[in-house]
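In mature numbering (1 follows the signal peptide of the UniProt record, and there is no 0), each residue's number is its place in the sequence shown (first place is 1) plus 12.
Think of the CB as a built atom: it goes at the ideal place given N, C-alpha and C, for glycine as much as any other residue.
Please read the structure below before turning to the comments.
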Amino acid sequence: AITVDPKAKGAKIDDTMYGVFFEDINRAADGGLYAELVQNRSFEYSTADNRSYTPLTSWTVTGTGRTADDDGRLNERNRTYLSLGAGSSVTNSGYNTGISVERGKKYDFSVWARVDGRTRLTLTLTDSEGELAKARKVTARGGWAKYEATFTASRTSTTGRVTVATDQAAALDMVSLFPRDTFKGRENGLREDLAEKIDALDPGFVRFPGGCLVNTGSMEDYSAESNWERKRSYQWKDTIGPVEERATNANFWGYNQSYGLGYYEYFQFAEDIGAMPLPVVPALVTGCGQNRATDDEELLQRHIQDTLDLIEFANGPVTSEWGRKRAQMGHPKPFGLTHLGVGNEENLPVEFFARFEKFRAAIEAEYPEITVISNSGPDDSGTTFDTAWGLNREADVDMVDEHYYNSPQWFLQNNDRYDSYDRSGPKVFLGEYASQGNAFKNALSEAAFMTGLERNADIVKLASYAPLLANEDYVQWSPDMIWFNNHASWGSANYETQKLFMTNVGDRVVPSTATSTPSVSGPISGAVGLSTWATTAAYDDVKVTGEDGTTLLSDDFSGDAAQWTHTGGGSWTVQDGQYVQTDEAAENTMVSAGDTSWTNYDLSVKATKKSGK
Ligand code: AHR
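Right under this line is the structure:
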């Protein structure tokens with residue numbers, strides 16, 4: 013029986029409890045959420061991003077053409093361009109199988125060109141079967157200028173190519189093709205199906221832009237002087253303003269990131285889906301296997317100032333320096349930033365914390381209303397985690413970002429993880445978690461775990477599954493919540509779990525107790541009522557016993573299979589005071605709370621962990 017006292021007031025659950033964590037991993041941005049259809053649009057791909065890259069990756073030149081990075085460039089941050097000879101053309105192959113277009117839909121094309129005199133540019137959209145839209149022509153004249161045209165797709169295709177041909181020699185850069193239909197119709201906007209799937213989760217917050225890519229790589233500014241030093245930590249100032257003036261970066265995950273999806277777009281997206289924006293800035297310590305801490309005080313101060321400027325960009329009046337930039341980009345109203353993370357998963361807790369304290373002091377002095385979030389290092393298993401938590405507690409930090417990726421067993425066994433957290437200490441932001449897989453059992457174990465998060469909503473304030481997105485042809489990390497290619501997207505089983513919780517956030521926990529149902533103790537604690545499962549590695553013995561202690565069913569988990577799923581159940585009766593199985597349980601089938609034949613006998617399930625395994 014489940015006893016619920018509706019009058020008892022459990023923890024309040026914030027509307028922001030469940031959110032999403034967007035990181036540009038698995039091509040989540042370019043070739044993903046960012047709706048741009050042209051890959052390597054500004055010819056900036058380089059071997060520094062990925063050994064296989066050149067400035068012409070995803071491009072084919074017909075005739076004569078070469079890329080250059082010289083004084084003739086478009087601007088200091090968009091350096092490489094293509095010099096195309098007279099009568100030549102260049103074709104882009106997009107992402108996955110190509111450029112995906114839908115019959116009847118409009119696509120906005122643009123290109124920056126520089127010519128001596130004038131030339132005619134012919135723009136075509138084709139696939140192997142021929143034309144996908146009527147070709148367009150524009151006349152380019154003189155110095156760098158942007159030329160635009162619109163295609164209307166006459167057929168649906170997932171293998172399209174866009175080509176620019178020139179009559180006379182011309183320099184080209186920023187060749188772009190955008191679907192007219194972006195999420196909420198935003199210019200430079202987001203791919204509709206992906207943004208809609210995220211929106212359908214009704215997220216309370218959006219954590220961005222990472223992850224490891226935030227704080228790994230050089231901390232240097234992206235400037236002409238540091239000339240092209242690739243793999244910089246993610247610096248928000250690189251990502252705003254006109255897209256053709258934004259830097260590109262060598263993403264930690266092994267590809268080039270365009271920053272077309274930048275801080276303005278993140279804030280706008282969060283606002284569009286009614287979620288709290290939660291940016292994370294680098295803390296001058298690199299985690300994710302690159303354990304380095306920068307001692308350059310000047311650099312540290314610049315990053316701290318950048319963070320203050322970020323808050324001004326988000327919240328400042330239009331009369332302020334950075335508030336004005338936000339307004340110029342189209343959003344005079346503040347974005348209402350309230351929470352900000354400093355650092356991500358640092359392996360050097362002491363070094364991190366010394367720097368975090370400086371960020372926090374500077375932010376609190378100017379913006380005391382902002383919640384500054386610290387973190388607990390890479391996982392929950394070692395001294396890094398304990399040291400980090402110790403430092404965070406001592407310093408009375410508001411909130412600590414925890415991350416863990418574990419087996420489904422772990423999630424089932426740790427439902428009570430937060431029951432014992434110190435209520436007087438920092439609150440928890442579970443910024444990244446996932447059980448290792450996209451199968452139903454993973455989604456189920458996460459659901460079971462999330463009941464524990466919710467029960468502890470007084471201390472666990474925010475939680476986000478990770479990672480959010482993966483392009484099926486460019487995977488660096490799996491499992492992921494939402495998968496896609498160039499024309500389709502689909503939510504995983506884990507997505508459905510998140511959606512269930514995120515779209516049904518209660519106001520308060522109603523304390524409850526359960527008795528007289530089959531209960532599970534030991535390593536598979538909490539699993540009954542959903543289904544139970546175990547692995548040969550962890551358990552040698554699962555027993556079902558009657559109330560008198562009689563063993564009704566046991567499984568020693570010997571055999572070849574790595575896992576058994578126990579969802580069904582045999583039937584039992586009492587004869588002459590003994591439990592007798594009247595209907596044999598199917599192979600690998602043991603007990604489920606939904607099986608009424610069990611409930612008559614007040615059964616219990618016991619699981620014991622085999623020592624030494
Ligand atoms: O979510 C994938 C990665 O996992 C993140 O970049 C990092 O923070 C964690 O290690």
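* Nonlocal neighbours in the same chain, by C-beta distance under 7 Å from residue 467, ignoring five residues either side -> Contacts found: 521.
* Can residue 41 be considered in contact with ligand 1, in the sense that its beta carbon sits closer than 8 Å to one or more heavy atoms? -> No, since every heavy atom of ligand 1 falls outside the 8 Å radius drawn around the Cβ of residue 41.
* Where do the ends of the alpha helix (DSSP H) carrying residue 335 lie? -> Start and end: 333 to 340.
* Any non-hydrogen atom of ligand 1 within 8 Å of residue 220 CB -> No, Cβ of residue 220 sits at least 8 Å from all heavy atoms of ligand 1.
* Asked: Do you know offhand how far residue 499's Cα is from residue 52's?
  -> Here the C-alpha atom of residue 499 lies approximately 19 Å from the C-alpha atom of residue 52.
* Asked: What is the C-beta distance between residue 85 and residue 127, in whole angstroms, given that I count them as a contact (C-beta under 8 Å)?
  -> Not confirmed; about 15 Å, so no contact.
* Given a cut-off of 9 Å, decide if residue 276 and residue 186 are closer than it, judged by their beta-carbon atoms. => Not a contact, by the Cβ cut-off of 9 Å.
* Between the C-alpha atoms of residue 280 and residue 344, what's the straight-line distance to the nearest angstrom? -> Rounded to the nearest angstrom, the gap between the Cα atoms of residue 280 and residue 344 is 12 Å.
* Asked: If you draw a straight line from the alpha carbon of residue 559 to that of residue 37, how long is it in whole angstroms?
  -> The predicted model places residue 559 with a pLDDT of 43, which falls under 50 and marks its position as unreliable, so this point remains unresolved.
* Quick one: is the Cβ of residue 484 within less than 8 Å of any heavy atom of ligand 1? -> False, no ligand heavy atom lies under 8 Å from that Cβ.
* With DSSP collapsed to three states, give me the class of residue 111. => Correct three-state label for residue 111: strand.
* How far does the alpha helix (DSSP H) with residue 403 in it reach, from first residue to last? -> Counting along the chain, the unbroken alpha helix (DSSP H) around residue 403 starts and ends at 395 to 406.
* Asked: Assuming residue 435 contacts residue 464 under a Cβ cut-off of 8 Å, what Cβ separation, rounded to an integer in Å, is found between them?
  -> Rounded, the Cβ-Cβ distance is 15 Å, inconsistent with contact.
* Between which two residues does the alpha helix (DSSP H) containing residue 210 stretch? -> Annotation for residue 210: the continuous alpha helix (DSSP H) segment containing it runs 204 to 211.
* Asked: Just checking, does the segment 53 to 64 make contact with the segment 142 to 153 on the three C-beta pairs under 8 Å criterion?
  -> No contact exists between the segment 53 to 64 and the segment 142 to 153.
* Asked: If you measure from the CB of residue 385, is any heavy atom of ligand 1 nearer than 8 Å?
  -> Not under cutoff, so the answer is no.
* Once you ignore the five residues that flank residue 426 on each side, which residues in its own chain have a CB closer than 6 Å to its CB? -> Excluding residues within five positions, none has a Cβ falling inside 6 Å.
* DSSP state of residue 105, grouped into three classes? -> Note: residue 105 maps to coil in three-state DSSP.
* Hey, is residue 389 close to ligand 1, as in C-beta under 8 Å from one of its heavy atoms? -> Taking 8 Å as the cut-off, one finds no heavy atom of ligand 1 near enough to the beta carbon of residue 389.
* Three-state class that DSSP yields for residue 381 in the structure shown -> Correct three-state label for residue 381: coil.
* Asked: Do the CB positions of residue 177 and residue 133 come within less than 9 Å of each other?
  -> Yes. Within cutoff.
* Asked: residue 261 bridges to which residues according to DSSP?
  -> Paired residue(s): 269.
* By a C-beta neighbour count over all protein chains shown, 10 Å radius and 16 as the cutoff for buried, is residue 501 buried or exposed? -> A residue is called buried once 16 or more other Cβ atoms fall within 10 Å of its Cβ, and residue 501 is buried on that count.
* To do: Could you pull out every residue in the same chain whose Cβ sits closer than 8 Å to the Cβ of residue 40, ignoring the five residues on either side in sequence?
  => Correct list, in chain order: 34, 479, 480, 481, 482, 483.
* With a 10 Å radius around its C-beta and 16 neighbouring C-beta atoms as the bar for buried, classify residue 188 as buried or exposed. => Per the 10 Å Cβ criterion, buried.
* Label residue 381 either buried or exposed according to how many other C-beta atoms from any shown protein chain fall within 10 Å of its C-beta, with 16 as the threshold for buried. => With fewer than 16 neighbouring CB atoms inside 10 Å of its own CB, residue 381 falls in the exposed class.
* In its own chain, which residues sit with a C-beta less than 8 Å from the C-beta of residue 370, not counting the 5 before and 5 after it? -> Once the five neighbours on either side are set aside, the close Cβ partners of residue 370 are 312, 316.
* To do: Measure the alpha-carbon distance for residue 265 versus residue 225 and round it to whole angstroms.
  => Each residue's alpha carbon lies about 7 Å from the other.
* Given residue 57, which residues of its chain have a CB within under 7 Å of its CB, disregarding the five upstream and five downstream residues? -> Here residue 57 has 65, 66, 67, 69, 268 as same chain residues with Cβ atoms under 7 Å from its own Cβ, once five neighbours each way along the sequence are excluded.
* Please name the residue in 198, 513, 106, 377 whose C-alpha comes closest to that of residue 72. => Among 198, 513, 106, 377, the Cα nearest to that of residue 72 is on 106.
* **Alpha-carbon to alpha-carbon, residue 525 and residue 270** => Rounded to the nearest angstrom, the two C-alpha atoms are 52 Å apart.
* To do: Using beta-carbon positions only, say whether residue 216 and residue 28 come within less than 9 Å of one another.
  => Yes; because the gap between Cβ atoms is below 9 Å, this pair is in contact.
* To do: Report all residues from its chain with a CB closer than 7 Å to the CB of residue 81; omit the five preceding and five following residues, and keep chain order.
  => These residues qualify, in order along the chain: 91, 92.
* Which of helix, strand or coil DSSP assigns to residue 33 -> Here DSSP, grouped into helix, strand and coil, assigns residue 33 to strand.
* **Straight-line gap, residue 25 to residue 519 (C-alpha atoms, nearest Å)** => In this structure, the straight-line span from the alpha carbon of residue 25 to that of residue 519 is close to 5 Å.
* Pick from 507, 110, 336: whose alpha carbon is nearest that of residue 48? -> Looking from the CA of residue 48, the closest CA among 507, 110, 336 belongs to 110.
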